[in-house]
Amino acid sequence: MSEVSEKPSPDLSLVGNVYLRFTVIGFMYLSQGLPLGLFGVAFPTHLAEIGFTKSEIAQFLAVIGLPWAFKFLAGPIMDRVAFLIYGHRRPWVVMAQSGLMITFATSAAVAGVGEPNLYLLAGCGFVLNLFASTQDVAVDGLAIGVLKESERSKATALMFGSQRIGNLVGMVGGGYLLGAFGVTGACVAAAITTFLLLLIPVTLKERNVEKRFPWSSQGAIAPEILALKVDRFGPMLIDLLKKLIAPISLFFIVAFFCDSVAGGLLGSYLPAFSVIDLNWDDGAYNAWYGMIGLIAAGTGLALSPVFDFYGQRNCIVVLGVITAVGIVAFLAVPALQQGLGWHVFMLGFWVSQHLYGVLIISSCMELVTPRIAASQFAIYMSIANLSTTIGTTVIAIIGDVWPVEVILMLAAFFVLMAPLFFWLTGLGIRIRPDVATQT
34 MSEVSEKPSP
44 DLSLVGNVYL
54 RFTVIGFMYL
64 SQGLPLGLFG
74 VAFPTHLAEI
84 GFTKSEIAQF
94 LAVIGLPWAF
104 KFLAGPIMDR
114 VAFLIYGHRR
124 PWVVMAQSGL
134 MITFATSAAV
144 AGVGEPNLYL
154 LAGCGFVLNL
164 FASTQDVAVD
174 GLAIGVLKES
184 ERSKATALMF
194 GSQRIGNLVG
204 MVGGGYLLGA
214 FGVTGACVAA
224 AITTFLLLLI
234 PVTLKERNVE
244 KRFPWSSQGA
254 IAPEILALKV
264 DRFGPMLIDL
274 LKKLIAPISL
284 FFIVAFFCDS
294 VAGGLLGSYL
304 PAFSVIDLNW
314 DDGAYNAWYG
324 MIGLIAAGTG
334 LALSPVFDFY
344 GQRNCIVVLG
354 VITAVGIVAF
364 LAVPALQQGL
374 GWHVFMLGFW
384 VSQHLYGVLI
394 ISSCMELVTP
404 RIAASQFAIY
414 MSIANLSTTI
424 GTTVIAIIGD
434 VWPVEVILML
444 AAFFVLMAPL
454 FFWLTGLGIR
464 IRPDVATQT
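For what it's worth, this note's numbering labels the leading residue of the sequence shown as 34, then goes sequentially.
This is how it looks when you write it as structure tokens:
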């Protein structure tokens, strides 16, 4: 049950209404998934079908993924530059979402002219992900500020699930529109969708006392937010550095690095592999990958109480071992690679990646300090995204040379290393009966 305001009118702010804060977080993550699905999956499979090689596609993916690796630069700016009368993080969410909408519309006019140009598409994808990653930093900071501790695992599962759904919409819907109407049609549809989603953070306030719009006559800065205001970069950066180089933080970074490299390896390899080597068409891969996303989203939401009860650390170790053993078994028994074997393998791997993300990001919320939450959280996520780009870059170099068996074993190695280093952090170790009894 949501909290009841002491005022006569209901509290329709994010802090005062659990349903509204989950709504904003969910739909903003869905919005982030659109460019990831359209440019990260639909375009690569479309490019593979019209003759581009695995290495060319991996280069395209490496370029458009770069903003996610460097989104940590946005964190300190958000912590230092704030428009507090409109909310602590909401103004940045609105600005980044507006940038997504404008870039989709521009891409429809620019990249939709003539035959697909890999460099032009990569440039548009880069700018899109620049805004998507900035929005991600802002929404993460927003979530840390408005969520209660007992809501974090559920919210993290919702974040990943919503992003998966957005990924599905961008991938399957975008794939269909690419085939039917070309780049222009796909990008126009994405621009309209992001505009509709923009209306949500524009109209909802973080706290009741704040202004909703610049022309609103009444509004004030919430006292609890004013206390978190960062006045100078220097002390903030020193505090941030101390947090990052602490042993617990370093172990966390290595764990996140290992799993993200594994995801980058197979995330960039499997779309082209399925079309070129398995003779799937791009629609078949997009449809199955989209279905996997829905299954993963539902699984993450269903298991979030289990993660809280047993602790994220135990769950990550079990998940990592099962995934690594599963990859090795799949390679060791050729019969498993027949028929629907590859469908089952992709299902298992991507559900595992999704669950790992839910576990490690909910644990990450234990690490961050509210005053510098945007900076600290963004750096951890940027390291993960940079690691994914490293995996993608490796495929750009070896994807056309090394056999699939070697690439899968390389991914299995990184999957197995991730829980080892996470265990050393000591995060997610306590059972939380207060959360378990609420579910």
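The beta-carbon is built from N, C-alpha and C at its ideal position, and this holds for glycine as well. Predicted model only: the values in this text are computed from it and were never measured.
Of the residues 377, 133, 454, the one whose Cα lies closest to the Cα of residue 353 is 454. If you draw a straight line from the Cα of residue 225 to the Cα of residue 374, it comes to about 38 angstroms. If the five residues before and after residue 296 are omitted, its C-beta is found closer than 8 angstroms to the C-beta atoms of 386, 421, 424, all from its own chain and listed in chain order. Counting only residues of its own chain and dropping the five nearest sequence neighbours on each side, residue 109 has a CB closer than 6 angstroms to the CB of 408. The shortest CA-to-CA distance from residue 116 to any of 104, 65, 171 is the one to 171. Across the structure, residue 80 and residue 222 are spaced so that their CA atoms are roughly 20 angstroms apart. Here residue 433 carries a coil assignment [DSSP, helix/strand/coil]. Contact fails between the region 95-114 and the region 223-242, because fewer than three Cβ pairs, one in each stretch, are under 8 angstroms apart.
The three-state reading of DSSP puts residue 173 in helix, counting H, G and I together. Looking from the CA of residue 438, the closest CA among 69, 298, 364, 173 belongs to 364. Listed in chain order, the non-local C-beta contacts of residue 334 below 8 angstroms within the same chain comprise 187, 190, 191, 194, local neighbours out to five positions each way being set aside. Where residue 83 is concerned, there is no enclosing alpha helix (DSSP H), because DSSP gives it neither an H nor an E. For residue 373, there is no enclosing alpha helix (DSSP H), since its DSSP letter is neither H nor E.
Within the region 109-196, not a single complete beta strand (DSSP E) segment reaches 3 residues in length. Approximately 7 angstroms separates the beta-carbon atoms of residue 418 and residue 98; this is inside 8 angstroms, confirming the contact. Residue 430 has its alpha-carbon roughly 26 angstroms from the corresponding atom of residue 381.
With a beta-carbon spacing of about 7 angstroms, residue 77 and residue 93 fall inside the 8 angstroms limit used to define contacts. According to the DSSP assignment, residue 56 belongs to the alpha helix (DSSP H) that extends over 51-70.
Here residue 292 is buried: its Cβ has 16 or more other Cβ atoms, across all protein chains shown, within 10 Å.
Non-local C-beta neighbours of residue 444 in its own chain, meaning closer than 7 angstroms and more than five positions away in sequence, comprise 295, 298, 299, 360, ordered along the chain. Distances from the CA of residue 326 to each of 457, 343, 383, 286 were compared; the closest alpha carbon is that of 383.
Cα atoms of residue 323 and residue 206: separation of roughly 10 angstroms, rounded to the nearest angstrom. For the pair residue 245 and residue 118, the Cα-to-Cα distance works out to about 9 angstroms. The Cβ-Cβ distance between residue 450 and residue 288 falls below 9 angstroms. DSSP places residue 349 inside the alpha helix (DSSP H), whose first and last residues are 345-365.
Classified as buried, residue 243 has 16 or more neighbouring CB atoms from the shown chains inside 10 Å of its CB.
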